[in-house]
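There are 2 protein chains.
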Amino acid sequence: MALSPYHQLEEEFHRLHVFRGAASLLRWDQAVMMPRGSIDVRGEQLAALETECHAILCAPKVSRLIERALANSSGLEDWQLANLKEMRRQRDHAIATPASLVARLAQESAVAEAACIEARRTQDFAVLRPHLEQVVGLVRDKAALLGQHLGLAPYDALLDEFSPGLTTGEIDALFKALGRRLPGLIRDAIELQGAEPPLPLLPAGARLSVSKQKTLAVEIMRAMGFSFERGRLDAADQPLTEGVPGDLRVTSRFDALHPLRGLYDALHETGHALYDLGLPKEWATQPVGRNRGLVLEESQSLLLSTLIGHSRPFVAYLQPLLEKVLGVSGPEWSADNLYRHLTRVQRSLSRVDADELTRPVHITLRFELEKELLTGALKVADLPEAWNAGIQARLGVAPANDVEGCLQDMHWPAGDFGFFPAYGVGALISMQLWEKLRTDRDDVDGEIAAGRFDGLVGWLRENVHGLGASLAVPELIQQATGKPLSAAPALRYLDAKYLEQR
Amino acid sequence: MALSPYHQLEEEFHRLHVFRGAASLLRWDQAVMMPRGSIDVRGEQLAALETECHAILCAPKVSRLIERALANSSGLEDWQLANLKEMRRQRDHAIATPASLVARLAQESAVAEAACIEARRTQDFAVLRPHLEQVVGLVRDKAALLGQHLGLAPYDALLDEFSPGLTTGEIDALFKALGRRLPGLIRDAIELQGAEPPLPLLPAGARLSVSKQKTLAVEIMRAMGFSFERGRLDAADQPLTEGVPGDLRVTSRFDALHPLRGLYDALHETGHALYDLGLPKEWATQPVGRNRGLVLEESQSLLLSTLIGHSRPFVAYLQPLLEKVLGVSGPEWSADNLYRHLTRVQRSLSRVDADELTRPVHITLRFELEKELLTGALKVADLPEAWNAGIQARLGVAPANDVEGCLQDMHWPAGDFGFFPAYGVGALISMQLWEKLRTDRDDVDGEIAAGRFDGLVGWLRENVHGLGASLAVPELIQQATGKPLSAAPALRYLDAKYLEQR
Chain U
1047 MALSPYHQLE EEFHRLHVFR GAASLLRWDQ AVMMPRGSID VRGEQLAALE TECHAILCAP
1107 KVSRLIERAL ANSSGLEDWQ LANLKEMRRQ RDHAIATPAS LVARLAQESA VAEAACIEAR
1167 RTQDFAVLRP HLEQVVGLVR DKAALLGQHL GLAPYDALLD EFSPGLTTGE IDALFKALGR
1227 RLPGLIRDAI ELQGAEPPLP LLPAGARLSV SKQKTLAVEI MRAMGFSFER GRLDAADQPL
1287 TEGVPGDLRV TSRFDALHPL RGLYDALHET GHALYDLGLP KEWATQPVGR NRGLVLEESQ
1347 SLLLSTLIGH SRPFVAYLQP LLEKVLGVSG PEWSADNLYR HLTRVQRSLS RVDADELTRP
1407 VHITLRFELE KELLTGALKV ADLPEAWNAG IQARLGVAPA NDVEGCLQDM HWPAGDFGFF
1467 PAYGVGALIS MQLWEKLRTD RDDVDGEIAA GRFDGLVGWL RENVHGLGAS LAVPELIQQA
1527 TGKPLSAAPA LRYLDAKYLE QR
Chain W
1047 MALSPYHQLE EEFHRLHVFR GAASLLRWDQ AVMMPRGSID VRGEQLAALE TECHAILCAP
1107 KVSRLIERAL ANSSGLEDWQ LANLKEMRRQ RDHAIATPAS LVARLAQESA VAEAACIEAR
1167 RTQDFAVLRP HLEQVVGLVR DKAALLGQHL GLAPYDALLD EFSPGLTTGE IDALFKALGR
1227 RLPGLIRDAI ELQGAEPPLP LLPAGARLSV SKQKTLAVEI MRAMGFSFER GRLDAADQPL
1287 TEGVPGDLRV TSRFDALHPL RGLYDALHET GHALYDLGLP KEWATQPVGR NRGLVLEESQ
1347 SLLLSTLIGH SRPFVAYLQP LLEKVLGVSG PEWSADNLYR HLTRVQRSLS RVDADELTRP
1407 VHITLRFELE KELLTGALKV ADLPEAWNAG IQARLGVAPA NDVEGCLQDM HWPAGDFGFF
1467 PAYGVGALIS MQLWEKLRTD RDDVDGEIAA GRFDGLVGWL RENVHGLGAS LAVPELIQQA
1527 TGKPLSAAPA LRYLDAKYLE QR
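So the sequences go chain by chain: U and W. According to my numbering, numbering within the first sequence proceeds without interruption in unit steps and concludes at 1548. According to my numbering, numbering within the second sequence proceeds without interruption in unit steps and concludes at 1548.
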């Protein structure tokens, strides 16, 4: 008997799933194992797999099957309907931009990324400028075509890839609500924390065994439910989560001079990995069985690494492990000093090193600037000045050069516009989920302090992970928390955490 | 402008090449890095990629393009014609066996392999018997269909996959010519070597650092031309060469109790790797740019690991390296004692551990038995008895149980028939190439003793590696050595090596 259109689509998307899984393993291998000289071969392999995935989504056969399945969907179960909707969504995104534009953008952004590295080396934005102009022009074309196809404003169309279902207006409102409160909160928190910094964890230049750091990370990841029977943790130049549920590959940056960085990178990635592990197994090969986009991924990594990882109960759990596994002791490794380290608020220039309170400021600046770059209201040539004025106005700090300013991120040269907001919205989502989780499980602090994570991970699995991509982001948050997505839980959380008397 | 049929085929086979490269990396990862629990996920990925490759070769579109390109081939260059011929060959092999038979064989052989492991554990052939009967029945069907499609006798059709262009009759004649001389040669060699065994390299139970062994292997592989900028050597349960030229992944079994095993496994794989590295780069993604089958692969690994690796000049090069890198010394590590180890002839029961003189005997026994299993002249139930009688008659040794007998190899349970002869013919080819190489480069012994391998590898590149799959095996040997493939060079080589006065 011939398969129905819907079931034929399931087969096509199963193929897509396998190719994406193979590509992910190849990326992991590139970061961890690949000989340096083989980058050209790997580039070809990844490009060919990418082309194959794109070809599946753009095949006229797949479009015909989608139309026929939609026209005759009465026999489908709810999850199959959701799956069909996701198939259409992926198809719509793939088909809107011609392959030639995709290829040119890939090419120009590779050049712009190299130029950005050179511009950093020479502290000279002019090296990047012409290439970034090219990229911005191509992204503008892409946004216009995507918007036309999806029936969205151009920038909304870009957002939709990373934060499915959210618009510029909604994100704007969220960031504004947070932004009204942040300056005062940052000022008060810094005042409360006082001028005296926490004791340094290590004397200047001292080193702490990377192998012990990794042992520690493995022990904590295991406690959180990461399965080393079906996953690995390895050292690499950047933290990543690759692979597929059933074979997850986490990497982290371990550094003998920064004893906690490798652990917290690993926790961040473990947040991603647990999300992937909790995705609905029966839909594993299908679009509806995938995660709900970067914005939700980010909410899960922040929830684990920051909301939990930078909390007092977690420090109570961590502190004896540090003594046991790393063999450290003394006042600098006390729970109090560790907590002061992890919650220190500072007005700084770097997004990556920013704390919980100032990070949204860095994100909002990028959100504002990239919208203007795309409309043309801001010229690439004027970016450094606009950046410096923006960060000065928001945080009162001034970059000494563009390396400390608009050259610090690789997202724009790489062609990733509409991406930064997902970091900020992801953080808000993590706080809204956290508030509900704490209401539903009133001893969660006790569980964390005792190193028992199965209950809270179970809550996330039930309310987030297990839903896959079956709901758009706003619906998922409404269902999980009983309230629309808003900045209010974040403000309550940040107020409570940073204005408590210490 | 639309692409010509031939150039459309090049694109299809380029896709095939990428999928095969990705699958090879996944296999390497499975052997070296993959978490043990992820085998089910990996199995699905490899099966899906295999299905994809099969689908490309069996697509009606590809067959139509092949017919059109063949009908209109006047504008093609020689290598393109050879490529087209190889495309047709791959298509013919793929299309002859229905997917349902391929799937059943894969399934039954997976069961039979597991049963073989259990039969070894319990020393009970009966555990394997029913499953091996299933596999033999399916292979018989496959051979019949393949033979019909290729216009070959059934067993010849199986041979064609591993030893392209060679028939049962030719292999039979080669093995008979060798077999007539071997018994006398084995007897004389053993007599000449005397009853006194070489000194053991290590005292019983002593261990030699695996990490030093690996350092040694890396140093020698580098000298032979393996590029660690574009390749790796890792420890694994079995020696493998995976990846693609440009990113070659070699594994070896290092064992602290067996100080030379890891090195010689690595040299064997380096023979494969150098072959892959020397394949014609301009055809890298095309069928004609692949190796000329298992039989040629095996000739290259034996040439490096045995003909060169077990020679006096190589031992002269190796001995000071052992002292330097492994930190060993004394009479047991003298060049003479090492050479006695490497050339010791013994009538034994194991193919894998057999020496240069007795290995062909083990291969020939399997060649005879598998032909009879396929015709039905030998019943699976009678295999143990036939095996034991065969090895007793040929080598005068008797297995104490079937683990030492017909359960020692996994090839038949795995469904690999027509495979064993390639080991034997590969050995003959290695000796015929070696004779010609020594004539063309008369100081090759001096080069080897000095650790200079570029000249001899260059010869192999010019005469074997660089030809890819452009010629069938007999033509390739004729062109490289000026003579038809025969056992005569092997007999000359073995006589000279094992009957010299020591």
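Where is the CB? At the ideal position from N, CA and C, for every residue including glycine. What you are looking at is a predicted structure, and each value in this text was computed from that prediction instead of being measured.
With DSSP collapsed to three states, give me the class of residue i.
i	result
Gly1289 (chain W)	strand
Gly1470 (chain W)	helix
Gly1501 (chain U)	helix
Arg1278 (chain W)	strand
Gly1512 (chain U)	helix
Ser1084 (chain W)	helix
Gly1183 (chain U)	helix
Leu1540 (chain U)	helix
Pro1535 (chain U)	helix
Ser1476 (chain W)	helix
Glu1418 (chain W)	helix
Thr1527 (chain W)	helix
Trp1433 (chain W)	helix
Ala1518 (chain W)	coil
Arg1548 (chain W)	For Arg1548 (chain W), the predicted structure reports a pLDDT of 48, less than 50, and the residue's modelled location is therefore unreliable. A value from the coordinates is still provided. It is coil, neither helix nor strand.
Ser1146 (chain W)	helix
Leu1071 (chain U)	helix
Met1270 (chain W)	helix
Ala1444 (chain U)	coil
Val1449 (chain W)	coil
Ser1155 (chain W)	helix
Round the Cβ separation of residue i and residue j to the nearest angstrom and send it over; I've been treating them as touching at under 8 Å.
i	j	result
Val1078 (chain U)	Ala1282 (chain U)	5 Å
Ser1516 (chain W)	Ala1128 (chain W)	4 Å
Pro1210 (chain U)	Val1519 (chain U)	6 Å
Pro1359 (chain W)	Ile1232 (chain W)	Between Ile1232 (chain W) and Pro1359 (chain W) the Cβ distance is about 25 Å, and since that is not below 8 Å, they are no contact.
Leu1320 (chain W)	Phe1272 (chain W)	7 Å
Gly1512 (chain U)	Pro1326 (chain U)	6 Å
Leu1286 (chain W)	Ala1473 (chain W)	About 20 Å separates the two Cβ atoms, so there is no contact after all.
Leu1294 (chain W)	Arg1276 (chain W)	7 Å
Mind listing the chain U neighbours of residue i? Cutoff is C-beta to C-beta under 8 Å, in chain order.
i	result
Arg1175 (chain W)	Chain U residues near Arg1175 (chain W): none, gap ~34 Å exceeds 8 Å.
Met1572 (chain W)	Absent from the model: residue 1572 (chain W). The displayed extent of chain W is 1047 to 1548, so no value can be given.
Just the chain W side, please: which residues come within less than 7 Å of residue i by C-beta, in chain order?
i	result
Asp1075 (chain U)	Leu1071, Asp1075
Ser1209 (chain U)	In chain order: nothing, as chain W lies at least about 29 Å away.
Ser1084 (chain U)	Arg1276, Gly1292, Asp1293
Val1087 (chain U)	Val1290, Gly1292, Asp1293
Please classify residue i: is it buried, with 16 or more other beta-carbons within 10 angstroms of its beta-carbon, or exposed?
i	result
Pro1377 (chain U)	exposed
Asn1337 (chain W)	buried
Arg1082 (chain W)	exposed
Val1334 (chain U)	buried
Ser1257 (chain U)	exposed
Gly1355 (chain W)	buried
Gln1284 (chain W)	exposed
Lys1529 (chain W)	exposed
Gly1289 (chain U)	buried
Glu1416 (chain U)	buried
Going along chain U, which residues have a C-beta under 7 Å from residue i?
i	result
Gly1067 (chain W)	Gln1091
Can you name the residues of chain W whose CB is closer than 8 Å to the CB of residue i?
i	result
Leu1103 (chain U)	Under the 8 Å cutoff, chain W gives no residues; its nearest Cβ is about 16 Å from Leu1103 (chain U).
What does residue i touch in chain W if you count any residue whose Cβ is under 9 Å from its own?
i	result
Ser1568 (chain U)	Nothing about residue 1568 (chain U) can be read from this structure; chain U reaches only from 1047 to 1548.
Ser1273 (chain U)	Pro1081, Gly1083
So which residues of chain U does residue i contact, with C-beta pairs closer than 9 Å?
i	result
Leu1095 (chain W)	Val1064, Phe1065, Ala1068
Arg1386 (chain W)	Those do not exist, as Arg1386 (chain W) stays about 38 Å from chain U at its closest Cβ, beyond 9 Å.
Task: Segments of 3+ residues assigned as beta strand (DSSP E) that fall wholly inside the region 1294-1326 of chain U - done: none
- [ ] Would you mind listing the alpha helix (DSSP H) stretches within the region 1192-1257 of chain W that are 4+ residues and don't spill past its ends, in chain order?
- [x] 1200-1208, 1214-1239
Task: Sequence ranges, alpha helix (DSSP H) only - wholly within the region 1332-1406 of chain U, length at least 4 - done: 1339-1348, 1358-1367, 1381-1388
Open item on the list: Runs of 4 residues minimum, wholly inside the region 1097-1144 of chain W: which ones carry the alpha helix (DSSP H) assignment?
Closed with: 1106-1117, 1124-1142
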